[in-house]
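Protein chains in written order, with my numbering: chain X, 1 to 397; chain R, 398 to 720. Glycine is no exception: its CB is placed at the ideal position from the N, C-alpha and C atoms. The structure under discussion appears below in the form of C-alpha cells.
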Amino acid sequence: MGTNGKKIVAVTGNEAVAEAMRQINPDVCAAYPITPATDIMQRFTSFVSNGKVKTEMVLVESEHSAMSACIGASAAGGRVATATSAQGLALMWEELYIASGNRLPIVMSLVNRALSAPINIHGDHSDGMGARDCGWIQLWSENAQEAYDNMIQAFRIAEHGDIRMPAMVCMDGFIISHSIERMEYLDDETVRNFAGEFKTVNPLLDVEHPVSYGPLILTDYYMEYRRAHAEVMSKVKKVVLDVAKDFEKISGREYGLFETYRLEDAEVGIVVLNSAAGTTKDAIDMFRDKGVKAGLLKPRLFRPFPYEEVGEALKHLKAVCVLDRADAFGASYGPLFMEIAASLYPYKERPVMFNKVYGLGGRDYLPDQAELVLTELAETLKTGKVKTVKEYIGVRE
Amino acid sequence: MATPLSLKELSKKEVLLTGGHRMCAGCGAPIVVKMVLLAAEQPVVAANATGCLEVSTCISEFTAWKIPWIHNAFENAAATASGVETMYRSLKKQGKIDKDIKFIAFGGDGGTYDIGFQSLSGAMERGHDLLYICYDNGAYMNTGIQRSSATPFGADTTTCPAGSAIPGKLQHRKDLTKIMAAHGIPYVAQASPSHWQDLMKKVKKALATPGPKFMNIIAPCNRGWRSRNDDAIQLSRLAVETCYWPLFEIENGVTTISVKPKEKKPLVEFLKPQGRFKHLFGPENEHLLNEAQAQVDAYWDRLLREEAFSASLGSKEAEEKIA
C-alpha cells in the first residue's frame, strides 16, 4: 500500500479501466471485442469467471447487439457497462441515440481509435468525435489515472437523478490503453461507497407497474422530447463538478470541466485533448523558460461542451492553436477547433486562432511538433496574423 | 393453476394488448399477439422490433401494451430481450427480484428473417431463456409492401413488382423455421391464428421450456396481400390446409406435425383470394403456379419424412441422435 491507504500500481490503461469496472461491479455487461478495447473485456470476463464480481455477461455477436443488450439490460433496471473502439462504436451508432433518447445511464469506456477506411487500429479521436452529438456525456482522459478516475465518476454522473444519461469515458488507443504507467488505485470499499447503490427508475422488470419503452413520437411531440433532452444535458456541468468535488475527497485528485496549465497569465495557448496534453505541457515549460508566456487548456467534459467556461478561460489570450486528433472530411476544421471557436465567438476581444491536425491513426505526437506549434504561436503573437488557419503536422511531404 | 384452453375460461382472462391500437382493420398480427399473451401463465415482459406492430401499438402517450414492453430498433429485438433477460437473471441471483417472469420478443418477417437475423441467431446461440415470435406476413408491410426474404415465390410487391419482364418475386421463401431448429434450441414451432388452440398450446409449451425458443406464426396482412378486410383467419386457415404453412414443432430435434389437413387443398385456393398473386393466373404464368405447387408439395413431403424418421427412432433415441 502507498500513502493514504491508496495502492500504487504499474498498469496499462485497459487494466485500469477493467479494475474500475471490477470495483463498480455492474449488474450486467455486454461486450463484443474490438481492438484496442478488447483487453478491457478480456480482463473483466476473467473477473466474472473467477467470481470477483456479481456481473452477468452477455457476450454478443456484434457491437450493435452489445449496445442493444445494454439498452435492454439498463431499461430492465440495473447498472450496465461496456467498452468499445472505432468500428465498434460506429456499428453502435444507431443504438447510441436510442440509449440516450430513453435516458438509460449506461457507462462505456471508449478506447479512441481511427475509423476505416483505410483500416487502422491505432489511436485517434475520429470515433469519439463521430459520436459527439448522440446525446451521450463524454469525459476525456489524458492518462490511465484519469481514465480510471473518470470511469468511477462516470457512473455517479450518468446515474444522477437529475440526469440519467449514458456516459462514455475516452482514452487514447494504445498510447494509453496499452502503455504501462504508475498510478494509484482506490480501495474497493471506497469505490463501492462512492458509486453507491444503483437506483432504478421505471424498470421494465416491475411487472406490477408496466411501462412502455421506446414509443413512437410523431410530429405532435417529437420536438418537445428533443428540447427536454437538451434541458437535461444543461444540468450535466453542475453534476460533473459536484461529483468531482466528492471524488477529490476520496482521492485527493482534482477534476473540473477542463484542466488548465499555466494558462492564467499566458498570452498564447494550446488546446488539446487526451494524451497529447502531457507532451504539450513539457514543451510549454520549455518555452516559458525562453520567455514565451504559453499555457494549455485540456477539455475533460466534451459533451455537453462547457462553452461559457472555456471561453472565459481563453478569452484573455492573444493567440490560440487547437490541436485536433481527428480530421473532418470535406476540408472542414477539426471538431475541437470548431468548439473552441464557438466558445470564443461571443467575445469582442478574442484571440486569433489556428488549427493543426496531428497524430491521426496513431502517428506519434512528438515534442518537436509541440515546439513547432509554440514557435508559430510566438510568431503570431508578434505579427497578430495567422499564416494558415488549418494545417497538418507530422505529415511526410 | 394453468388456464384450460377453452374459450369459456380464456374469456375470463385480461386481454393484455388493448383495443384501440392503430393496426389496420383486419390485420392478423394483433390477433396473434393477443393469443400469445392469453396463453402465458406468468407475467411477461416483451421486446418488439420496429414494424407495423410496434409503430401502431405504442403511439405516445397511448401505449396499447398492458405488460412491460420495450421497443429498441428494427434489427435487435432479440439482442434487446437478451439484455432484459440477463438483467433479470442478475437481479434474481442477487435476491432483488423474486418473481418468475417470462420473456418474449416479437418481430415481423423483415425484422426477423432479414435485418434482425444476426441478432436472433446470436441470442439463440447464447441460450437466453426467451421466446422469439416472428409474425410472418411475408413483406416489409409498413414501408409500402416491399419484398422480404419471407415473401412467397411469385408474389407482387412494390420492390419486386410483377411486370412484363419479371413476374414478381423469383426466389423461394427462406425457411427460417428450420434454420432456427438448426441452432439446436430446445423448441421451434410454426403456428397459425386459424388454429388457435394449437397456437396457444405451442406458446404454453415454449414458455414452459427453459432456454431459447422460436415460433413462426403466419399473420395475414390484407393491405399487402391485397385481400379482403375480414379474411385474415380464413386465409391463414387456407395456408394450413394447402400445406403452404404446415403446423409443426421441433422439440429437441424431434419433428411432429401438429395439424394434418384431412384433405390437402391445392395451393391456388390460398393464392386466388390474394391480389398479390393475381398475375400468376394468366395463361403465360401457369408454369409459375405449377412451380409454386411443386415447392409446397416437396416441402410437405419432406416434413412428413422428417416426422416419420423421428417417430421411427422413438422420441428419446431421436433426441439423442439428432440433438
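| Check | Outcome |
| --- | --- |
| Chain R partners of L204(X), CB-CB under 7 angstroms? | V442, P465, I467 and V481 |
| Looking at chain X, is there any beta carbon in it that lies within less than 8 angstroms of the beta carbon of S561(R)? | no |
| Nearest-angstrom Cα distance between K410(X) and V80(X)? | The displayed coordinates of chain X run from 1 to 397. Any statement about residue 410(X) would go beyond what the structure contains. |
| Taking DSSP as the reference, what is the three-state secondary structure of K538(R)? | The sequence as given places Met at residue 538(R); Lys does not occur at that position. Of the three classes helix, strand and coil, the one that applies to M538(R) here is helix, per DSSP. |
| Use the C-beta contact count for M223(X): other C-beta atoms within 10 angstroms, 16 or more gives buried, fewer gives exposed. | exposed |
| Can you list, in chain order, the residues of its chain whose CB lies under 6 angstroms from that of V357(X), leaving out five sequence neighbours each side? | D324, D327, G334 and Y392 |
| Can you tell me the Cβ-Cβ gap for P583(R) and K610(R), rounded? I've got them flagged as a contact below 8 angstroms. | 7 angstroms |
| Could you list the residues in the region 4-34 of chain X with a C-beta less than 8 angstroms from some C-beta on chain R, going in chain order? | D27, V28 and A30 |
| What are the start and end residues of the beta strand (DSSP E) that includes A167(X)? | A167 to D172 |
| Counting only C-beta atoms, is Q491(R) closer than 8 angstroms to chain X at any point? | yes |
| Within 10 angstroms of its Cβ, does R699(R) collect 16 or more other Cβ (buried), or is it exposed? | exposed |
| By alpha-carbon positions, which one of G135(X), V11(X) and N14(X) ends up nearest to P105(X)? | G135(X) |
| Would you call the CB atoms of N143(X) and G278(X) closer than 8 angstroms? | yes |
| Please work out which residues of its chain come closer than 7 angstroms, Cβ to Cβ, to P423(R), disregarding the five sequence neighbours upstream and downstream, and give them in chain order. | A small fix is needed here, since residue 423(R) is Gly in this sequence, not Pro. N619, N626, D627 and A629. |
| When the Cα atoms are used, what is the spatial distance from T3(X) to D39(X)? | Residue confidence is low: T3(X) scores 47 on pLDDT, short of 50, so the model does not pin down where it sits. Its coordinate-derived value is still stated next. Roughly 29 angstroms between the two C-alpha positions. |
| Here's the rule: buried if 16 or more other CB atoms are within 10 angstroms of the residue's CB, otherwise exposed. What is D368(X)? | exposed |
| Please list the partners that H229(X) has in chain R, where partner means a Cβ-to-Cβ separation under 7 angstroms. | Those within 7 angstroms of H229(X) in chain R number zero; the least Cβ separation is about 15 angstroms. |
| With a 10 Å radius around its C-beta and 16 neighbouring C-beta atoms as the bar for buried, classify H684(R) as buried or exposed. | exposed |
| Is it right to say I137(X) is buried, meaning 16 or more other beta carbons lie within 10 angstroms of its own, or is it exposed? | buried |
| When you compare the CB of S212(X) with every CB in chain R, is at least one pair closer than 8 angstroms? | yes |
| CB-CB under 6 angstroms to A578(R), same chain, minus the five flanking residues each way: which ones, in chain order? | V585 and I647 |
| To which residues of the same chain is P304(X) closer than 8 angstroms at the C-beta, ignoring the five residues directly before and after it? | I137, M233, S234, V236 and K237 |
| Which of the residues in the region 53-72 of chain X, read from start to end, lie with their CB under 9 angstroms from any CB of chain R? | K54, T55, E56, M57, V58, L59, V60, E61, S62, H64, S65, A66, M67, S68, A69, C70, I71 and G72 |
| Using 8 angstroms as the limit for Cβ to Cβ distance, is V207(X) near chain R? | yes |
| Can you list, in chain order, the residues of the region 215-245 of chain X whose Cβ is nearer than 8 angstroms to any Cβ on chain R? | P215, L216, I217, L218 and Y221 |
| Within 8 angstroms of any Cβ in chain R, is that where the Cβ of E181(X) sits? | no |
| State the Cα-Cα distance for the pair G541(R) and A69(X), rounded to the nearest angstrom. | 30 angstroms |
| Is the Cβ-Cβ distance between Q382(R) and F503(R) less than 8 angstroms? | For residue 382(R) there is no data in the structure shown, the boundaries of chain R being 398 and 720. |
| Can you list, in chain order, the residues of its chain with a C-beta nearer than 6 angstroms to that of A309(X)? Leave out the 5 residues immediately preceding and following it. | Note that residue 309(X) is Glu in the sequence shown here, rather than Ala. So the list reads L257, once near-sequence residues are dropped. |
| Could you give the DSSP three-state label for T3(X): helix, strand or coil? | Note that T3(X) scores 47 on pLDDT, short of 50, meaning its location in the model is unreliable and no value can be drawn from it. |
| Spell out whether any CB of chain X is found under 8 angstroms from the CB atom of N539(R). | no |
| Answer with yes or no whether the minimum CB distance from M1(X) to chain R is below 8 angstroms. | Residue confidence is low: M1(X) scores 43 on pLDDT, short of 50, so the model does not pin down where it sits. Its coordinate-derived value is still stated next. Taking Cβ atoms only, chain R never reaches closer than 8 angstroms to M1(X), which makes this a no. |
| Does the beta carbon of C424(R) come closer than 8 angstroms to any beta carbon on chain X? | no |
| Applying a beta-carbon distance threshold of less than 7 angstroms, which residues of chain R neighbour I98(X)? | N469 and A470 |
| List the residues that DSSP assigns as beta-bridge partners of K356(X). | L323(X) and E391(X) |
| Can you give me the C-alpha to C-alpha distance between A167(X) and P670(R), rounded to a whole angstrom? | 54 angstroms |
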